[in-house]
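Novice:
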Amino acid sequence: MKVLVATDKPFAAVAVNGIRQVVEAAGFELALLEKYTEKAQLLDAVKDANAIIIRSDIIDAEVVEAAKNLKIVVRAGAGYDNIDLAACTAKGIVAMNTPGQNANAVAELALGMMVFMARNQYNGTSGTELMGKKLGIHAYGNVGRNIARVAKGFGMEVCAFDAYVKPEVMQAEGVTPVASVEELYSSCQYLSINIPATPETKKSINHALLTKMPKGAMLVNTARKEVINEEELVKVMEERPDFKYVSDIAPDNKAELLEKFEGRVFFTPKKMGAQTAEANINAGIAAAKQIVGFLKDGVDRFRVN
Ligand code: 3PG
2 MKVLVATDKP FAAVAVNGIR QVVEAAGFEL ALLEKYTEKA QLLDAVKDAN
52 AIIIRSDIID AEVVEAAKNL KIVVRAGAGY DNIDLAACTA KGIVAMNTPG
102 QNANAVAELA LGMMVFMARN QYNGTSGTEL MGKKLGIHAY GNVGRNIARV
152 AKGFGMEVCA FDAYVKPEVM QAEGVTPVAS VEELYSSCQY LSINIPATPE
202 TKKSINHALL TKMPKGAMLV NTARKEVINE EELVKVMEER PDFKYVSDIA
252 PDNKAELLEK FEGRVFFTPK KMGAQTAEAN INAGIAAAKQ IVGFLKDGVD
302 RFRVN
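By our numbering, the letter at position 120 of the sequence shown is numbered 121, and the numbering carries on one by one without gaps.
Below, the structure written as structure tokens:
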């Protein structure tokens, strides 16, 4: 059995070693395709793979078609909007993610970016503190929960909205549940977006919602750019000089935002929420173990199709 690790944005070497150990201990072979520049390289590499570990790499219908021997693809991470699930299902290919494995890394980045923006991007001028500020968490999944934990350490007051999580779960973790997205945005100065990109959520963070945010608003996106209505975000920032936006996923209109709102926006050069040795080890090894478990024993926990 051949397990391919196809990562345009490579894992830390220590994580690749860990993946190799798991794969080889199971008697399987490991192949590595890192930092590829052409889709053709991916199409070629998947030809004889029985299993693939990916990150944000795109597994579309063409890749699925080229991967004639593929049985399973595991997204080492949370969001699997980069996998064409219907194409996988049509070919009997199992798709999985590794929920929670990189959540702390993303949470630490989210809080780090909040401090960075609150301190005026460390430009030497007087900024503000996070303590006592209200943070709204939009979706209380693995990342949202970790952000709440770290934010409480900063002395922030944490609220969350998640239609699928019981209020008691939030309350038990010292988080105030709110009844609607509108209430979350209207009551929190800091807002962390942690929703997945789905047909329902795409462009859902819009002018109507963002204008509700209190004075000194800071929107923090460590989820997906697709959930933001980017044209309407520009409008909000034009109308409100107090509004700041910081994102780990550069928007399509990055150049326009940087030019118009210098000092009020920041984008990491490459999505790096999950770019830590620890997160790479956690997610990469979890992916390798899930592949071994599936190919040897048919275990399909974390299957998403
Ligand atoms: C995720 O969904 O897990 C994150 O977006 C991480 O993506 P990455 O593996 O491409 O860094």
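Ideal Cβ placement from N, Cα and C applies to all residues, glycine included.
The structure presented is a predicted model; accordingly, all values stated were derived computationally and were not measured.
Just to confirm, does Ala288 get its C-beta within under 6 Å of one of the non-hydrogen atoms of ligand 1?
Specialist: Outside the cutoff, so no.
Novice: Do Val1 and Met114 have their C-beta atoms closer together than 7 Å?
Specialist: Any question about residue 1 goes unanswered here, given that the chain covers just 2 to 306.
Novice: In chain order, which continuous runs of the beta strand (DSSP E) of length 3 or greater are located wholly inside the region 106 to 147?
Specialist: 135 to 139
Novice: What does the Cβ neighbour count give for Asp163, buried or exposed, with the cut at 16 atoms within 10 Å?
Specialist: Here Asp163 is buried. Its C-beta has 16 or more other C-beta atoms within 10 Å.
Novice: Apart from the five residues on each side of it in sequence, which residues of its chain come closer than 7 Å, Cβ to Cβ, to Ala67?
Specialist: Leu44, Val47 and Lys48
Novice: Apart from the five residues just before and just after Glu184, which ones in its own chain have a Cβ nearer than 8 Å to its Cβ?
Specialist: Phe162
Novice: Under 7 Å Cβ to Cβ from Thr269, same chain only, skipping five residues before and after it: list those, please.
Specialist: Asp249
Novice: Excluding five sequence neighbours on each side, which residues of the same chain lie with their C-beta closer than 7 Å to the C-beta of Ala288?
Specialist: So the list reads Ile54, Val75, Ala77 and Thr99, once near-sequence residues are dropped.
Novice: Near Thr90, which residues of its chain fall below 6 Å by C-beta distance, leaving aside the five closest residues on each side in sequence?
Specialist: Asn306
Novice: In angstroms, rounded to a whole number, what distance separates the CA positions of Gln172 and Pro178?
Specialist: If I take the Cα positions, the gap works out to 7 Å.
Novice: If we require 3 or more residues per run, which beta strand (DSSP E) segments fall completely within the region 214 to 293?
Specialist: 219 to 222, 245 to 248 and 266 to 268
Novice: Considering Cα atoms alone, identify which of Glu25, Ala106, Tyr81 and Ala32 is closest to Ile282.
Specialist: Ala106
Novice: Name the residue from Val228, Ala251, Thr38 and Asn70 whose alpha carbon lies nearest to the alpha carbon of Leu5.
Specialist: Asn70
Novice: Spatial neighbours of Val235 within its chain, please: CB distance less than 8 Å, with the 5 preceding and 5 following residues excluded, ordered by chain position.
Specialist: Here the set comprises Asn254, Glu257, Leu258 and Lys261.
Novice: Return the chain-ordered list of same chain residues with a C-beta closer than 6 Å to the C-beta of Ala62, the five sequence neighbours on each side being excluded.
Specialist: Asp85 and Ala88
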